[in-house]
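J.:
There are 2 protein chains.
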Amino acid sequence: MSFIQAARRRQIIGAAIETVTAVGYGQSSLARIAEQAEISKSVISYHFANKDELLEQVVAQVMDDWAAFMRPFLEAESTATGRLSAYIRSRLAYMRDNQTRLVAVAEIIVNHRGPDGRPVFAERDAAPVAELVELLRSGQQAGEFRGFDPVVLAMTITQGIDGALTYWADHPGTDLTAYGEELVTLFGLATQQPRSIS
Amino acid sequence: MSFIQAARRRQIIGAAIETVTAVGYGQSSLARIAEQAEISKSVISYHFANKDELLEQVVAQVMDDWAAFMRPFLEAESTATGRLSAYIRSRLAYMRDNQTRLVAVAEIIVNHRGPDGRPVFAERDAAPVAELVELLRSGQQAGEFRGFDPVVLAMTITQGIDGALTYWADHPGTDLTAYGEELVTLFGLATQQPRSIS
DNA sequence: CTAAAATCAGGCCATGCGGTCTAAAAACGG
DNA sequence: CCGTTTTTAGACCGCATGGCCTGATTTTAG
Chain F
1 MSFIQAARRR QIIGAAIETV TAVGYGQSSL ARIAEQAEIS KSVISYHFAN
51 KDELLEQVVA QVMDDWAAFM RPFLEAESTA TGRLSAYIRS RLAYMRDNQT
101 RLVAVAEIIV NHRGPDGRPV FAERDAAPVA ELVELLRSGQ QAGEFRGFDP
151 VVLAMTITQG IDGALTYWAD HPGTDLTAYG EELVTLFGLA TQQPRSIS
Chain A
1 MSFIQAARRR QIIGAAIETV TAVGYGQSSL ARIAEQAEIS KSVISYHFAN
51 KDELLEQVVA QVMDDWAAFM RPFLEAESTA TGRLSAYIRS RLAYMRDNQT
101 RLVAVAEIIV NHRGPDGRPV FAERDAAPVA ELVELLRSGQ QAGEFRGFDP
151 VVLAMTITQG IDGALTYWAD HPGTDLTAYG EELVTLFGLA TQQPRSIS
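Protein chains in written order, with full-length UniProt numbering: chain F, 1 to 198; chain A, 1 to 198.
1) Less than 7 angstroms between the CB of residue 61 of chain A and some heavy atom of the ligand FMN, yes or no?
2) Using a Cβ-Cβ cutoff of less than 6 angstroms, which residues in the same chain neighbour residue 9 of chain F once the five nearest sequence positions on both sides are dropped?
3) Considering Cα atoms alone, identify which of F/26, F/16, F/6 is closest to residue 112 of chain F.
4) Say whether the segment 175-184 of chain F touches the segment 102-116 of chain F, bearing in mind that this needs 3 or more beta-carbon pairs closer than 8 angstroms, one atom from each stretch.
5) Do you know whose CA, among A/99, A/22, A/76, lies nearest residue 174 of chain A's CA?
6) Taking C-beta pairs closer than 7 angstroms, name the residues in chain A that residue 155 of chain F reaches, listed in chain order.
7) Taking the alpha-carbon positions, what's the residue 130 of chain A to residue 84 of chain A distance?
8) In the DSSP assignment, find the unbroken alpha helix (DSSP H) run with residue 163 of chain A in it and report its ends.
9) Relative to the alpha-carbon of residue 122 of chain A, which residue among F/170, F/133, F/88 has its alpha-carbon at the smallest distance?
10) Within 10 angstroms of its Cβ, does residue 134 of chain F collect 16 or more other Cβ (buried), or is it exposed?
11) Less than 8 angstroms between CB atoms is the rule here; does residue 199 of chain F satisfy it with respect to chain A?
12) Given that residue 22 of chain A touches chain F, what residues does it touch there, using C-beta distances under 9 angstroms?
13) Label residue 156 of chain A either buried or exposed according to how many other C-beta atoms from any shown protein chain fall within 10 Å of its C-beta, with 16 as the threshold for buried.
14) Check residue 113 of chain F in the structure and name its three-state DSSP category.
15) Out of A/50, A/144, A/159, A/29, which one is the CA nearest neighbour of residue 78 of chain A?
16) Strictly by DSSP, which residues pair up with residue 128 of chain A?
17) Since I believe residue 150 of chain F is in contact with residue 137 of chain F (beta carbons under 8 angstroms), could you give me their beta-carbon distance rounded to a whole number of angstroms?
18) For chain A, is any of its Cβ atoms less than 8 angstroms away from the one on residue 111 of chain F?
19) Please report the Cβ distance between residue 191 of chain F and residue 153 of chain F, rounded to the nearest whole angstrom; I am assuming they are in contact, meaning their Cβ atoms lie under 8 angstroms.
20) Along chain F, which residues have their Cβ under 7 angstroms away from the Cβ of residue 103 of chain A?
21) So residue 72 of chain F is in the alpha helix (DSSP H); what residue range does that whole segment cover?
22) Per DSSP, what kind of secondary structure is residue 121 of chain A in: helix, strand or coil?
23) For residue 33 of chain A and residue 16 of chain A, which I take to be in contact (beta-carbon distance under 8 angstroms), what is that distance rounded to the nearest angstrom?
24) DSSP has residue 192 of chain A in a bridge; who is on the other side?
25) Considering residue 88 of chain A, what are the terminal residues of the alpha helix (DSSP H) in which it resides?
26) Which residue wins for smallest C-alpha separation from residue 88 of chain A, given the options A/102, A/97, A/101, A/73?
27) Whose Cβ in chain F lies nearer than 9 angstroms to the Cβ of residue 152 of chain A?
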């Protein structure tokens, strides 16, 4: 893949992200994206097979980048409790520097459907939840966590973190770091082994 | 409003809900909704001013019904702790009997935009969160809850409950009652005043 | 320098959209 | 029973969409 190809693809992907964040998935036509990028519509058609492939690339790029960003934070922790806190903190840290990207991806994941009407990115969206389930299970086996249902916990944590993005998008003054610390203590209390029963 | 008018409106609203749940907001054209209802497209235009009014009615009907369903459960509780549990349980109880309705409304709220590109139902969606904030604040003033940020808590609880709907839609075998109890203990642990410090 | 390949702009097309129009059918009142 | 009003079906309109095509322009290769 040539240099100019890669550059154009990056530019178009960026324009798609800006457009989706600004006007929503439904209004993000190829014409609008091209206008945002200040190029002709056919340039998109030349560099991407179709709109689906463009959206696929947007999602893949952001998700991969996000996972790569988080990995070192998780690997630095030895206990499950520490990894859970690091998970929450690093997801919010990434949010802080990639708001538009993540808003766009969230919009695409929820809305993009195949010809059968079913969401296309459902599996990709479920992956981080599955990862969290593993984290929680290991913490239970290590005796750090109480005996909750790890699926419910993982789902709720994921949703809680996504809620921070939604809230931040609606209230730009929000201190995301403080929000994250609230979540860390919240889910810390919710997961840890209760004190002695007596 | 005549009897037949009311019946037709109910039928069309029902068909809109079915359609949105089945194929998503984006693919829910008036033609599809009419097909689902086995009527002609113009019948919709006759009974509703336009698509926006139809969606408005769908959302309003479900949200009002939901709030009315929950009210007695909340009023039966005297403590903030009890009201929080009742809040979670009653929201999940309503979900159990109204899955398609709620999936459709969630989809519409997130996706429906005005001509300016901004979401239309943002305020209506924020109302339950504001209600929860009040509940949590009163619990803090009563000394039942610890000193968390009530906005973060309210947001996380709301998101956590919505997560149950999402998970249930993807995993039809889910026991919603058990899911709800997990949430009750989870947020119970997260909110209650810590034991004596020593 | 030139010919081939890659890249781009603008126009074009079939499709599906929301909404309207006309006329037929159904319901209703006297 | 008939005339009026309400309700419905189906055709139709203007518009935006995703995708494609043609031809011009730029880059690359020999």
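Every residue, glycine too, gets a C-beta built ideally from N, C-alpha and C.
T.: To lay it out plainly:
1) With respect to the ligand FMN, the structure shown offers nothing to examine, as it has no ligands at all.
2) Within the first sequence, the letter at position 9 stands for residue 9 of chain F. Correct list, in chain order: 47.
3) Within the first sequence, residue 112 of chain F is the residue found at index 112, counting from 1. Ranking F/26, F/16, F/6 by Cα distance to residue 112 of chain F puts F/26 first.
4) As far as the Cβ criterion goes, the segment 175-184 of chain F does not touch the segment 102-116 of chain F, which means the pair count is below three.
5) Along the second sequence, one-based indexing puts residue 174 of chain A at 174. When each option's Cα is compared against that of residue 174 of chain A, the closest is A/99.
6) Here residue 155 of chain F corresponds to residue number 155 of the first sequence, with the count starting at 1. Those within 7 angstroms of residue 155 of chain F in chain A are 163, 167.
7) On the second sequence, residue 130 of chain A is found 130 positions in, with the first residue counted as 1. On the second sequence, residue 84 of chain A is found 84 positions in, with the first residue counted as 1. The alpha-carbon separation between residue 130 of chain A and residue 84 of chain A amounts to approximately 14 angstroms.
8) Numbered from its first residue, the second sequence carries residue 163 of chain A at position 163. Start and end: 150-170.
9) Here residue 122 of chain A corresponds to residue number 122 of the second sequence, with the count starting at 1. That would be F/170, whose Cα lies nearest to the Cα of residue 122 of chain A.
10) Stepping through the first sequence from its first residue, residue 134 of chain F is reached at position 134. In summary, residue 134 of chain F is exposed, with fewer than 16 beta-carbon neighbours lying within 10 Å of its beta-carbon over all protein chains present.
11) Nothing can be reported for residue 199 of chain F: it is not among the residues displayed for chain F, which extend from 1 to 198.
12) To locate residue 22 of chain A, count along the second sequence from 1; it is residue 22. Annotation: Cβ neighbours of residue 22 of chain A in chain F (cutoff 9 angstroms, chain order): 117.
13) Reading the second sequence from its first residue, position 156 is the one you call residue 156 of chain A. Buried, because 16 or more other Cβ atoms sit within 10 Å of the Cβ of residue 156 of chain A.
14) Taking the first residue of the first sequence as position 1, residue 113 of chain F is located at position 113. Note: residue 113 of chain F maps to strand in three-state DSSP.
15) Numbered from 1 along the second sequence, position 78 holds the residue referred to as residue 78 of chain A. Selected option, being the one with the closest Cα: A/144.
16) Locating residue 128 of chain A in the second sequence gives position 128, where the first residue counts as 1. BP columns for residue 128 of chain A are empty, so no partner.
17) As a working mapping, residue 137 of chain F is identified with position 137 in the first sequence. As a working mapping, residue 150 of chain F is identified with position 150 in the first sequence. At roughly 5 angstroms, the Cβ-Cβ gap stays under 8 angstroms, so residue 137 of chain F and residue 150 of chain F are in contact.
18) For the purposes of this step, residue 111 of chain F is taken as the residue at position 111 of the first sequence. It does: the Cβ of residue 111 of chain F has a partner Cβ on chain A nearer than 8 angstroms.
19) Walking along the first sequence from the start, residue 191 of chain F turns up at place 191. Walking along the first sequence from the start, residue 153 of chain F turns up at place 153. With a Cβ gap of about 7 angstroms, residue 191 of chain F and residue 153 of chain F count as contacting.
20) What you label residue 103 of chain A is simply residue 103 of the second sequence in a count that begins at 1. The contacting residues do not exist; residue 103 of chain A stays about 12 angstroms from chain F at best.
21) As a first step, residue 72 of chain F must be located in the first sequence, where it is residue number 72. Residue 72 of chain F: member of the alpha helix (DSSP H) spanning 51-75, first to last residue.
22) Within the second sequence, numbered from 1, the residue matching residue 121 of chain A stands at position 121. In the structure shown, residue 121 of chain A adopts coil according to DSSP, grouped into three states.
23) In the second sequence, counting from the first residue as 1, residue 33 of chain A sits at position 33. In the second sequence, counting from the first residue as 1, residue 16 of chain A sits at position 16. The Cβ separation is near 5 angstroms, so the contact holds.
24) The residue given as residue 192 of chain A occupies position 192 in the second sequence. Looking at the DSSP output, residue 192 of chain A sits in a beta bridge with A/145.
25) Position 88 of the second sequence, counted from the start, is the residue given in the question as residue 88 of chain A. Its alpha helix (DSSP H) spans residues 80-97.
26) Residue mapping note: residue 88 of chain A aligns to position 88 of the second sequence, counting from 1. Of the residues A/102, A/97, A/101, A/73, the one whose Cα lies closest to the Cα of residue 88 of chain A is A/73.
27) One-based indexing of the second sequence puts residue 152 of chain A at position 152. The answer, in chain order, is 160, 163, 164, 167, 178, 179, 182, 183, 186.
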